[in-house]
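When we follow the numbering used here, the leftmost residue of the sequence shown carries the number 51, and every step to the right adds one.
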Amino acid sequence: MEYSESIIEGSIINELTCPDCGCKHHQVKGVIKYAFFFIESIPFYPVKKTTVIQCQQCWSKADVNVLPKQRIKELSKNLFPAWRLISKFLGSLLTIMLLGYLIQGEVEKSQWSDEFIKKPAVNDFYHVDFRYLSNELRPNEKYRIGKITDITGDIATVVYSRLFYRMQHGADESIRVGHVTHFSFFSRKKYHYSFAELTKMRAQGAIYRVERPVNNRLRGMLLVTATKRFLSSTYFPGARQNNSGLAFLEASYIDNHIELAFDKFNVSAERGYKLGQVNLAELYITGKHGEKDLNQALFWLQEAAVQDYQPAIDKYLIVCQQVAQCSKRDFINLLSEQGVNFHVGR
Numbered sequence: 051m052e053y054s055e056s057i058i059e060g061s062i063i064n065e066l067t068c069p070d071c072g073c074k075h076h077q078v079k080g081v082i083k084y085a086f087f088f089i090e091s092i093p094f095y096p097v098k099k100t101t102v103i104q105c106q107q108c109w110s111k112a113d114v115n116v117l118p119k120q121r122i123k124e125l126s127k128n129l130f131p132a133w134r135l136i137s138k139f140l141g142s143l144l145t146i147m148l149l150g151y152l153i154q155g156e157v158e159k160s161q162w163s164d165e166f167i168k169k170p171a172v173n174d175f176y177h178v179d180f181r182y183l184s185n186e187l188r189p190n191e192k193y194r195i196g197k198i199t200d201i202t203g204d205i206a207t208v209v210y211s212r213l214f215y216r217m218q219h220g221a222d223e224s225i226r227v228g229h230v231t232h233f234s235f236f237s238r239k240k241y242h243y244s245f246a247e248l249t250k251m252r253a254q255g256a257i258y259r260v261e262r263p264v265n266n267r268l269r270g271m272l273l274v275t276a277t278k279r280f281l282s283s284t285y286f287p288g289a290r291q292n293n294s295g296l297a298f299l300e301a302s303y304i305d306n307h308i309e310l311a312f313d314k315f316n317v318s319a320e321r322g323y324k325l326g327q328v329n330l331a332e333l334y335i336t337g338k339h340g341e342k343d344l345n346q347a348l349f350w351l352q353e354a355a356v357q358d359y360q361p362a363i364d365k366y367l368i369v370c371q372q373v374a375q376c377s378k379r380d381f382i383n384l385l386s387e388q389g390v391n392f393h394v395g396r
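Quick look at the structure:
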């Protein structure tokens, strides 16, 4: 904290005689001492105000106390109106406004994070304090970035950055400069969390922020590749119906758009198109079109899995845990017999 003074020119009075030069004309001045940080022109708060009477001829200062008290108050009132003193709080007011803006921004980020955690979506980015999730970390290994790569029913598949960060700022910078778009930024190891587990992680502080790209951009940076319809000059039975189903699925302005999407996915799946089979299974898992049917979902996921489609294999293993009659071992044996090239996460 540093200090400076602001001098205010007041009126001329003829009530005193200078003992040095005998001049009767004196200039009344006001001096406000104020505190500031770094920038002298932005005062934070006034420290002291002083009334000074100075001879106009020899510039010597006269004793203010020789004037009547009422006269001193009158001069002081003219020199220091309320607005002049308030202006010396400019730095404090700007600081309060800045802090208010920052706090409001943090509150809004927290509110958005709470909303996003309730309804997870693919490509959501999680800022994670990994100390809540593991006790086997080095001192500098604190924070990681997570990303939802898939959602199967109420199970979200999350991958984490290979890098650990010592400070939260490091994770922010990786998103800001686009490191997260690098193909090797995220680890291949997948973690499966229920929506309830994600909510719990948010409540305990493990997930301290959630960000969701808008139009595939986050903080102005292109982060993720947009989901595109499968278009090819080669004919694939069921591909056109699958694309139509995806279009209906997003057409929320149509009252029965889910039912129309279901019909298209059903035709696509029956024609053996693996993407249509997975999309149809998703509707059976969520029950958006009607009632949930995990057995039907497993059937169509298996049909897609034997076509060497890894996402279908991953989803099957997730859903299989929710069905008592389902056997992972039998499923893996089936894939091996069919000669499917696959990998199963630990």
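The beta carbon of each residue, even a glycine, is placed where N, CA and C say it ideally should be.
In this text, all values refer to a predicted model and were calculated from it rather than measured experimentally.
Through-space distance from residue j to residue i, alpha-carbon basis
| i | j | result |
| --- | --- | --- |
| VAL369 | PHE381 | 12 Å |
| VAL25 | ASP200 | Outside the displayed range of the chain (51 to 396) lies residue 25, so it cannot be described from this structure. |
| LEU351 | ALA331 | 6 Å |
| LEU125 | GLY270 | 58 Å |
| SER318 | LYS342 | 20 Å |
| TYR323 | SER234 | 30 Å |
| GLY203 | ASN329 | 12 Å |
| SER211 | PHE180 | 11 Å |
| GLN291 | ALA256 | 42 Å |
| GLU261 | SER302 | 24 Å |
| PHE315 | ASN345 | 17 Å |
| VAL264 | ASN173 | 10 Å |
| LEU117 | SER54 | 28 Å |
| PRO96 | GLY150 | 22 Å |
Cβ neighbour criterion (16 or more within 10 Å) applied to residue i
| i | result |
| --- | --- |
| PRO41 | Residue numbering for the chain in the displayed model covers 51 to 396; residue 41 lies beyond these limits and cannot be assessed. |
| ASN115 | exposed |
| MET251 | buried |
| GLY141 | buried |
| GLU353 | buried |
| SER163 | buried |
| CYS68 | buried |
| SER91 | exposed |
| PHE175 | buried |
| ASP113 | exposed |
Closest residue to residue i among the options (Cα-Cα distance)
| i | options | result |
| --- | --- | --- |
| SER239 | HIS393, SER54, CYS71, GLU55 | The question names Ser, but residue 239 in the sequence shown is Lys. The option with the nearest alpha carbon to LYS239 is HIS393. |
| ILE205 | PRO118, ALA221, GLU247 | GLU247 |
| HIS177 | HIS219, TYR95, LYS169 | HIS219 |
| GLY326 | ILE153, ASN306, PRO361, PHE130 | PRO361 |
| GLY228 | TYR95, LEU273, THR249, SER294 | LEU273 |
| THR145 | PHE86, PHE130, SER237 | PHE86 |
| ILE82 | GLU165, LYS138, PRO287, GLU158 | LYS138 |
| ASN310 | TYR334, HIS339, PRO118 | Asn is not the amino acid found at residue 310; the sequence shown has Leu there. Among TYR334, HIS339, PRO118, the Cα nearest to that of LEU310 belongs to HIS339. |
Nearest-angstrom Cβ-Cβ length linking residue i and residue j, presumed shorter than 8 Å
| i | j | result |
| --- | --- | --- |
| HIS76 | GLN104 | 6 Å |
| ILE195 | SER224 | 6 Å |
- Entirely within the region 295 to 327 and at least 4 residues each: give me those alpha helix (DSSP H) ranges in chain order. 307 to 320
- Query: Can you give, in chain order, each stretch of the beta strand (DSSP E) that sits fully within the region 134 to 186 and has at least 3 residues?
  - Reply: 175 to 179
- Let me know the beta strand (DSSP E) ranges lying completely inside the region 176 to 241, each 3 residues or longer, listed in chain order. 193 to 202, 205 to 211
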